[in-house]
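Report on the structure given below.
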Amino acid sequence: MAVLRINGKEKVFDGSLPATLSELLITLKVDAATVVAEVDGEIIEREKFDSFYLKEEQSIELVRFVPGG
Amino acid sequence: MISIEKYAGTSIAELLLQKQLDGSGDIWREKIDRVMEADVEKALAMPVGVFSLERLIVLISPAARKYLEQMAQAANRLTIQRFGRAVRMYAPLYVSNYCNNGCRYCGFNRTHHYQRTRLTIDQAMKEADVIASEGFRDILLVSGEDRKFIDVDYLVELTQRLREKFSYIAAEIYQLEPEEYEKLSKAGVAGVTIYQETYDREQYKYWHQAGKKADYDRRLIAADSICSAGMREIGLGVLLGLKDWRIETLAMGLHANYLMKRYWKSHVSFSFPRIRPATEVERAQFEYLMPDEDLVQMVTALRLCFADAGEVISTRESALFRDNLIKIGITKTSAGSKTNPGGYSEVKDATEQFKVNDDRSPELVTKAIKQAGFEPVWKDWDRAFVESK
Amino acid sequence: MDKLIIAGKEFTSRLLIGTGKFASNKLMAKAIEASGTEIVTVALRRVDIENENDDMLSVIDRNKYLLLANTSGARDADEAVRLAKLSRAATGINWLKLEVTPDPYYLLPDPVETLKAAEILVKAGFIVLPYINADPVLAKKLEDVGTATVMPLASPIGSNQGITTRAAIEIIIEQSNVPVIVDAGLGLPSHVAQAMEMGADAVLVNTAIATAADPVAMAKAFKFAAEAGRIARLSGPAKAGDKASASSPLTGFLRGSEND
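Chains as they are written, first to last, in this note's numbering: chain A, 1 to 69; chain B, 70 to 458; chain C, 459 to 718.
Listed below in structure tokens is the structure:
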């Protein structure tokens with residue numbers, strides 16, 4: 001079992017983790033084009049989603065723009 | 070169209086050039102002459118106290134002369150609203166009439182032959198004692214450009230000695246370097262007055278033939294240096310009589326607005342030095358001598374555009390004139406002034422910078438102020454409250 | 459009409475629109491269009507990975523509108539700085555509405571944290587538009603650290619009370635060297651016209667449009683109000699008649715004076 005902390009909550013993956021950030025987003029059905037990702041406090045550029053390999057226990061923040069004043 | 074001024078990133082020299090108020094263009098004469106009575110009525114109907122060049126032009130125009138009484142009434146109301154009825158009293162202390170500059174209009178011009186003298190610190194303190202005995206707690210140090218003797222160390226030492234007797238010390242001296250202003254500020258000088266004399270570059274060149282003061286651009290940034298050094302008050306002025314007062318007033322108004330926005334912690338005042346008789350200076354050479362009505366118009370126009378600026382009148386002006394100006398915008402005045410070093414204790418027989426017109430004693434001047442319904446204030450700010458000994 | 463210039467960039471519209479509280483993204487897009495705005499604010503939130511909702515950015519044409527990310531939700535300078543960096547990464551735009559609101563009831567901005575964050579963010583290359591209470595001294599201090607504008611509130615966010623901070627905003631307008639954008643609490647087009655008549659450079663409106671019965675029509679009304687107010691300001695409005703009390707003449711002395 002593999003675990004990642006996503007947006008403050010623990011998510012358990014059956015089998016292995018998604019290999020990269022891109023794959024994670026596909027798994028979660030989140031459109032990569034509109035999302036900002038932070039892994040363990042560091043911002044990851046969108047171009048690097050494909051090549052960013054995930055590890056167990058990482059803390060990931062997925063943030064996007066929403067309506068606001 | 071009323072323009073709304075913002076100056077982020079622009080220097081005063083650039084601003085004056087942009088607006089052609091440094092003599093680089095002649096657009097203003099036409100604008101001023103085109104002002105009509107209807108424009109004046111509109112300008113007077115607008116809320117008072119906020120600056121715009123368009124408004125100031127109207128108020129200083131010949132067309133506004135008919136409305137002088139109305140302007141005076143409005144200036145009176147506005148001044149009382151913002152300053153109450155207080156009039157600050159100060160006295161000048163001339164410490165040297167040696168000068169390295171060659172200003173054509175001045176009694177202290179280096180080419181003139183006159184009795185030159187400078188005071189030692191002790192002699193200056195003797196003068197200060199006389200001034201303090203008359204009730205003053207606000208003193209203005211004045212000096213010609215006598216760097217070798219009246220240097221920053223002298224000024225700092227004198228300031229420190231004066232702090233024992235005076236709660237407010239200001240200076241009206243030759244231009245210093247930024248670090249030197251900082252030293253003065255730390256020593257206890259709270260304000261500096263420095264006149265641009267004229268904002269017109271060509272005129273400036275003509276009247277200032279020699280010495281450090283001959284550099285227009287250097288002179289222009291003095292106010293910036295003074296405010297950056299943390300001085301609480303900055304006094305501006307043009308020497309009235311060198312050039313058309315109307316254009317000079319526009320330039321000075323622009324300068325004031327620029328300083329107020331950029332150096333928001335410093336308080337701006339206007340002075341109104343009018344050309345006066347001086348030893349060896351020929352009056353006939355001045356084309357633009359300013360009649361009384363014009364000066365009243367200038368004082369009230371500036372008051373109506375700058376609700377919170379100080380307006381200062383000295384003993385260059387006559388008693389009658391001063392007593393009446395107190396009612397229409399003046400917030401600070403001197404009395405019993407001696408413009409020659411040593412003049413108070415009558416120790417030396419030195420030459421004055423200009424002939425004092427109102428030579429009434431401080432007692433008589435304050436009596437007149439009270440009769441006009443105003444209140445002379447001797448002590449306005451005391452650094453002792455905020456500093457430990 | 460004269461252009462609005464912020465950080466060297468020119469804009470025709472002086473009405474900024476907040477995108478929150480609309481019934482749908484589609485309605486929001488129509489209202490934005492009707493308002494004539496060129497700048498819209500957006501917020502950053504965590505993606506809800508349980509529910510996939512439609513993405514607002516797809517309805518906002520980024521070639522037409524400048525996306526001004528705000529740091530709403532930040533309760534201190536550190537959080538604001540973090541949100542700022544995230545939004546810059548998301549859009550590539552370094553413009554930022556700095557909002558630091560530790561108070562969850564009135565959403566009033568924290569002056570100390572805002573100043574702190576502003577200084578950090580300006581140094582980091584952001585174009586900072588700080589949201590503040592109408593505090594003239596704070597406005598000058600923010601200008602000193604290099605913010606591109608100041609954005610004083612008219613009244614608390616969402617309250618629609620109009621300009622309750624008039625006197626202070628007038629001072630800010632008088633003293634400011636950077637554009638003054640009145641934000642928060644503007645509930646009616648007349649409030650916006652008033653702000654512009656007072657001399658504000660621009661206004662930001664969100665709740666009043668988003669929660670109106672007909673947001674698209676209301677957006678249009680606000681557009682006209684912003685324009686009307688600006689034109690009025692530039693035309694030099696006359697002040698209300700003021701009863702001058704009869705007083706003795708002050709310039710009579712000139713007739714008899716000696717002019718040497």
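Heads up, the beta-carbon is just placed ideally off N, CA and C, and yes, glycines get one too.
Please confirm whether residue i has its beta-carbon closer than 8 Å to some beta-carbon of chain B.
i: C:T549; result: no
i: C:G583; result: no
i: C:E632; result: yes
i: C:V661; result: no
i: C:N717; result: Interpretation of C:N717 is limited by its pLDDT of 45, a score under 50 that renders its predicted location unreliable; no figure is taken from the coordinates.
i: C:N635; result: yes
i: C:L596; result: no
Using CA atoms only, rank isn't needed, just tell me which of the options is closest to residue i.
i: B:R154; options: B:N409, B:K401 and B:V434; result: B:K401
i: B:H277; options: B:G78, B:L162 and B:C172; result: B:C172
i: C:K681; options: C:A492, C:I463 and C:N552; result: C:A492
i: C:A423; options: C:K461, C:M459, C:L474 and C:K467; result: With chain C covering only 459 through 718, there is no way to say anything about residue 423 of chain C.
i: C:A658; options: C:A542, C:T669, C:L587 and C:I630; result: C:I630
i: B:Y275; options: B:I295, B:Q354, B:K135 and B:A376; result: B:Q354
i: B:V199; options: B:S430, B:I101, B:F375 and B:D361; result: B:S430
i: B:G78; options: B:L433, B:V425, B:A256 and B:L328; result: B:L328
i: B:F218; options: B:M194, B:P247, B:C168 and B:R230; result: B:C168
i: C:I639; options: C:V674, C:V586 and C:K678; result: C:V586
i: B:M105; options: B:G118, B:Q272 and B:I129; result: B:I129
i: B:A160; options: B:F120, B:K195, B:Q192 and B:A201; result: B:A201
i: C:P569; options: C:L644, C:I590 and C:P594; result: C:I590
i: B:A468; options: B:S212, B:K111, B:C296 and B:M321; result: The shown model of chain B, from 70 to 458, leaves out residue 468 of chain B, and the question about it has no answer.
i: B:H324; options: B:F120, B:R103 and B:M115; result: B:F120
i: B:D52; options: B:K75, B:S80, B:Y76 and B:Q89; result: Nothing about residue 52 of chain B can be reported from this structure: the residues present for chain B run from 70 to 458 only.
i: C:P588; options: C:L554, C:G550, C:L544 and C:M656; result: C:L554
Is the shortest distance between the beta-carbon of residue i and the beta-carbons of chain C less than 8 Å?
i: B:K458; result: At B:K458 the pLDDT is 42, less than 50, meaning the model places this residue with poor confidence and gives no usable figure here.
i: A:I43; result: yes
i: B:I438; result: no
i: A:T20; result: no
i: B:A259; result: no
i: B:Y150; result: The question names Tyr, but residue 150 of chain B in the sequence shown is Gln. No - not a single Cβ of chain C is within 8 Å of the one on B:Q150.
i: B:A378; result: no
i: B:W333; result: yes
i: B:V109; result: no
i: A:V39; result: no
i: B:A82; result: no
i: A:I60; result: no
i: B:M321; result: no
Indicate whether at least one CB of chain A lies closer than 8 Å to the CB of residue i.
i: C:L712; result: no
i: C:L692; result: no
i: C:I629; result: no
How would you label residue i, buried or exposed, when you count the other beta carbons within 10 angstroms and need 16 or more for buried?
i: B:K312; result: buried
i: B:A107; result: exposed
i: C:D641; result: buried
i: B:E444; result: exposed
i: B:H182; result: exposed
i: C:S530; result: buried
i: B:G442; result: exposed
i: C:S482; result: exposed
i: C:P707; result: exposed
i: B:A378; result: buried
i: B:D392; result: buried
i: C:D672; result: exposed
i: B:I10; result: Given that chain B is displayed from residue 70 to residue 458, the structure contains no residue 10 of chain B and the question cannot be resolved.
i: C:P562; result: exposed
Please check the pair residue i and residue j, which I expect to be a contact at CB under 8 Å, by giving their CB distance rounded to whole angstroms.
i: C:R472; j: C:V661; result: 7 Å
i: B:R331; j: C:N635; result: 7 Å
i: B:I395; j: B:I438; result: 6 Å
i: B:R372; j: B:G411; result: Not quite, the Cβ-Cβ distance comes to about 36 Å (not below 8 Å), so this is no contact.
i: B:E302; j: B:G260; result: 3 Å
Residue i CB to nearest chain E CB: under 8 Å?
i: B:A298; result: Here chain E cannot be found, since the structure's protein chains are A, B and C.
In the segment 147-234 of chain B, which residue ranges form an unbroken beta strand (DSSP E) of at least 3 residues, counting only runs that do not cross its ends? Inside the segment 147-234 of chain B, DSSP marks whole beta strand (DSSP E) runs of 3 or more residues at positions 155-165 and 207-212, from first to last along the chain.
Tell me the start and end of each unbroken alpha helix (DSSP H) in the segment 542-623 of chain C that is at least 4 residues and wholly inside, in chain order. Runs of the alpha helix (DSSP H) lying entirely within the segment 542-623 of chain C, each at least 4 residues long, are 569-581 and 594-603 in chain order.
Complete alpha helix (DSSP H) runs within the segment 476-503 of chain C (minimum length 4 residues, chain order): Runs found: 483-493.
Tell me the start and end of each unbroken alpha helix (DSSP H) in the segment 260-287 of chain B that is at least 4 residues and wholly inside, in chain order. Listed in chain order, the complete alpha helix (DSSP H) runs (minimum 4 residues) inside the segment 260-287 of chain B are 270-276.
Counting only runs that start and end within the segment 343-412 of chain B, where is the alpha helix (DSSP H) found for 4 or more residues in a row? For secondary structure counted as the alpha helix (DSSP H) over 4 or more consecutive residues, the segment 343-412 of chain B holds these complete runs in sequence order: 361-374 and 388-394.
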